[in-house]
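In what follows, a structure is listed as structure tokens, so that the remarks can point back to it.
Number of protein chains: 2
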Amino acid sequence: MKNRDYIPKATIERLPLYYRCLDKMAVFDGEEVVSSKELGGRLGIPSTQVRKDLSYYGEFGRRGVGYDVSGLKKSIGKILGVDRVWPAVLVGAGNLGRALVNYEGFNKMGLNIVSVLDADLGKIGNKIDDITVESIKEVERVVRDGSIELGIITVPGNAAQEVADELINAGIKSIWNFAPTRLIVPKDIIVRNEDLAVGIVSLIYHLSWNKHDKHGG
Amino acid sequence: MKNRDYIPKATIERLPLYYRCLDKMAVFDGEEVVSSKELGGRLGIPSTQVRKDLSYYGEFGRRGVGYDVSGLKKSIGKILGVDRVWPAVLVGAGNLGRALVNYEGFNKMGLNIVSVLDADLGKIGNKIDDITVESIKEVERVVRDGSIELGIITVPGNAAQEVADELINAGIKSIWNFAPTRLIVPKDIIVRNEDLAVGIVSLIYHLSWNKHDKHGG
Chain A
1 MKNRDYIPKA TIERLPLYYR CLDKMAVFDG EEVVSSKELG GRLGIPSTQV
51 RKDLSYYGEF GRRGVGYDVS GLKKSIGKIL GVDRVWPAVL VGAGNLGRAL
101 VNYEGFNKMG LNIVSVLDAD LGKIGNKIDD ITVESIKEVE RVVRDGSIEL
151 GIITVPGNAA QEVADELINA GIKSIWNFAP TRLIVPKDII VRNEDLAVGI
201 VSLIYHLSWN KHDKHGG
Chain B
218 MKNRDYIPKA TIERLPLYYR CLDKMAVFDG EEVVSSKELG GRLGIPSTQV
268 RKDLSYYGEF GRRGVGYDVS GLKKSIGKIL GVDRVWPAVL VGAGNLGRAL
318 VNYEGFNKMG LNIVSVLDAD LGKIGNKIDD ITVESIKEVE RVVRDGSIEL
368 GIITVPGNAA QEVADELINA GIKSIWNFAP TRLIVPKDII VRNEDLAVGI
418 VSLIYHLSWN KHDKHGG
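So the protein sequences, as listed, match chains A and B. Under our numbering, the first sequence has 26 at position 26, and the numbering climbs by one with no breaks. If you want our numbering, it's the 1-based position in the second sequence plus 217.
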């Protein structure tokens with residue numbers, strides 16, 4: 001494998017797409033071999049890009065034959081780290097928190113939300129799926145007892161930094177942040193901002209410019 | 218402005234971050250002028266990148282002085298298309314749908330979810346915020362009467378393609394897809410896949426490799 005510092009971010013973002021597609025092919029379609037063209041075709045990714053992405057991690061396919069579906073799935077799963085289960089604590093038991101706990105497809109990706117915390121007394125004690133919402137004050141015990149490294153923040157924007165600080169103090173190494181706030185964290189903490197407002201704006205941008213083009217504006 | 222086909226996707230993704238940051242600076246902090254260094258510093262983006270991103274769209278700042286906060290905010294808002302309101306229809310009145318309807322910060326980005334549809338008789342008639350959930354069978358009327366071009370899909374993966382087809386038939390031009398499925402759509406339809414499982418995997422990937430590094434693996 002090449003030094004992973006040189007692997008493009010876009011490649012890393014495509015690996016989960018390959019993984020899920022291969023999983024679907026193995027489980028539902030019963031396919032054993034797939035070409036880069038077919039794999040790319042299913043995802044709207046050029047076959048040259050598929051081969052390039054995979055080449056960063058080694059030699060998987062056989063020229064003229066293609067990739068072994070379950071073998072490649074297993075290899076990519078290992079690269080991604082989804083071959084094990086990552087327990088996570090979620091803070092913020094609102095609609096978005098509930099949606100994430102119930103989201104189909106996380107388990108397959110190795111994510112297991114084992115604990116939900118909130119500061120709101122009206123929410124503590126509620127059940128989400130089979131998880132009982134606990135107080136944010138329990139964060140240290142929850143993280144320690146569950147050997148949890150992954151925290152998910154689904155609180156409102158103005159509470160997110162405080163929650164992040166508490167999670168990091170408790171020992172969390174990595175934060176998935178859904179609050180519309182850029183978090184300030186120590187260098188060794190990994191943050192992924194899942195910024196929904198940014199998502200919609202990029203869509204509006206394209207919609208807006210399509211209009212310009214059509215009306216000659 | 219340069220031909221927008223040559224503007225990097227990453228630049229387009231950063232514009233909403235600049236926009237929201239400038240908005241915050243204008244409203245909460247009362248700042249009138251900002252340097253590329255300060256703007257970048259707040260977002261963890263190098264000042265050279267800020268200047269380069271903005272240069273695709275014209276000359277906004279004054280050398281040695283900086284950018285006029287509200288002027289730049291207005292310009293970026295116009296570029297993004299968030300200076301007008303985009304009505305949207307959301308299909309799938311589950312937890313995620315509820316979360317999006319209630320999500321803070323969409324209004325500021327020009328998104329207005331005006332209608333929620335579902336196929337589930339148990340959900341039709343329910344209220345989300347001040348919106349009454351209607352039947353998916355009403356999609357044509359809703360889209361036509363509301364002049365809606367933007368559709369949001371928050372149904373389970375196995376229902377997403379059918380919903381997308383119905384939205385497109387009804388006249389939707391652009392789809393924000395939260396279902397873990399790649400949609401097949403005509404070329405002139407813009408789709409943004411907000412694939413949450415992909416988000417978590419990129420986080421797990423980094424967490425996983427951090428461990429490798431620390432343990433010399």
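Just so it is clear, CB atoms sit at the ideal spot from N, CA and C, and this is done for glycine as well.
Neighbouring residues, chain B, relative to N95 (chain A) (Cβ below 7 Å): N312, R315, A316 and N319
For the beta strand (DSSP E) that contains G151 (chain A), what are its first and last residues? L150 to I153
If we ignore side chains and look at the alpha-carbon of each, how far apart do N102 (chain A) and D129 (chain A) end up? 7 Å
How long is the line joining the alpha carbons of C107 (chain A) and G199 (chain A), rounded to whole angstroms? Correcting the residue type first, residue 107 (chain A) is Asn in the shown sequence and not Cys. Spanning the two alpha carbons is a distance of roughly 24 Å.
Which listed residue (A:A88, A:K37, A:A99 and A:K52) has its alpha carbon closest to that of L111 (chain A): A:A88
For A159 (chain A), return the contacting residues in chain B, with the cut-off set at a CB-CB distance below 9 Å. Under the 9 Å cutoff, chain B gives no residues; its nearest Cβ is about 11 Å from A159 (chain A).
Say whether the segment 83-99 of chain A touches the segment 56-68 of chain A, bearing in mind that this needs 3 or more beta-carbon pairs closer than 8 Å, one atom from each stretch. Between the segment 83-99 of chain A and the segment 56-68 of chain A, the count of C-beta pairs closer than 8 Å stays below three; the two stretches do not touch.
What in chain A is Cβ-close to R409 (chain B), meaning under 7 Å? G199, S202 and L203
Near G122 (chain A), what residues of its chain come up, given a Cβ to Cβ distance below 8 Å and the 5 sequence neighbours on each side ignored? The beta carbon of G122 (chain A) is closer than 8 Å to none in its chain, skipping five residues each way along the sequence.
Where does S135 (chain A) sit, in a helix, a strand or coil, going by DSSP? DSSP places S135 (chain A) in strand when its eight states are reduced to three.
Three-state secondary structure assigned by DSSP to D337 (chain B): coil
For the putative contact between A381 (chain B) and V402 (chain B), defined by C-beta atoms under 8 Å, what is the C-beta separation to the nearest angstrom? 6 Å
Nearest-angstrom Cα distance between Y6 (chain A) and D53 (chain A)? Cα to Cα, the separation comes out at about 12 Å.
Any C-beta of chain A sitting closer than 9 Å to the C-beta of F277 (chain B)? no
Tell me which residues share the same chain as G434 (chain B) and place their Cβ nearer than 6 Å to its Cβ, disregarding the 5 neighbours each side in the sequence. With a pLDDT of only 42 at G434 (chain B), under 50, the local geometry of the prediction cannot be trusted, and no value is derived from it.
Consult DSSP for A305 (chain B) and reduce its assignment to one of helix, strand or coil. Secondary structure at A305 (chain B): strand, using DSSP grouped into helix, strand and coil.
Leaving out the 5 sequence neighbours to the left and right, which residues in its chain are closer than 6 Å to S252 (chain B) when beta-carbon positions are compared? Once the five neighbours on either side are set aside, the close Cβ partners of S252 (chain B) are G283.
Determine whether the Cβ of S425 (chain B) lies closer than 9 Å to any Cβ atom of chain A. yes
Which residues DSSP lists as bridging V251 (chain B), in chain order: B:Y284
Could you have a look at S391 (chain B) and say whether DSSP puts it in helix, strand or coil? strand
So the alpha helix (DSSP H) N102 (chain A) belongs to, where does it begin and stop? N95 to N102
Count the other CB atoms, across all protein chains shown, that sit within 10 Å of the CB of G404 (chain B); report buried if there are 16 or more and exposed otherwise. Gly is not the amino acid found at residue 404 (chain B); the sequence shown has Lys there. The residue in question, K404 (chain B), is exposed, as its Cβ has fewer than 16 Cβ neighbours within 10 Å.
Relative to the alpha-carbon of V69 (chain A), which residue among A:G94, A:R20 and A:V91 has its alpha-carbon at the smallest distance? If we check each option's Cα against that of V69 (chain A), A:R20 comes out closest.
Please decide whether K404 (chain B) counts as near chain A, where near means a Cβ-Cβ distance under 9 Å. no
Do L307 (chain B) and L334 (chain B) have their CB atoms nearer than 9 Å? yes
If distances are taken between C-alpha atoms only, which option among B:V372, B:E321 and B:Y235 comes closest to I262 (chain B)? For I262 (chain B), the closest alpha carbon among the candidates B:V372, B:E321 and B:Y235 is that of B:Y235.
Can you tell me whether DSSP reads K187 (chain A) as helix, strand or coil? coil
What residue from B:S391, B:V418 and B:S332 has the CA that sits closest to L207 (chain A)'s CA? B:S391
Where the alpha helix (DSSP H) containing I229 (chain B) begins and where it ends: In the DSSP annotation of this structure, the continuous segment of the alpha helix (DSSP H) that includes I229 (chain B) starts and ends at K226 to K241.
Could you work out which residue in A:E166, A:I168, A:K78 and A:P156 is closest to P180 (chain A) when comparing CA atoms only? A:P156
Buried or exposed for V359 (chain B), going by 16 or more other Cβ atoms inside 10 Å? buried
Does P16 (chain A) come within less than 9 Å of chain E when only Cβ atoms are used? No chain E appears in the structure shown, which is made up of the protein chains A and B.
Decide if T349 (chain B) is buried, meaning its Cβ has at least 16 other Cβ atoms within 10 Å, or exposed. exposed
What are the partner residues of I128 (chain A), as DSSP defines its beta bridges? A:I131
Alpha-carbon to alpha-carbon, K290 (chain B) and V244 (chain B): For V244 (chain B) and K290 (chain B), the distance between alpha carbons rounds to 11 Å.
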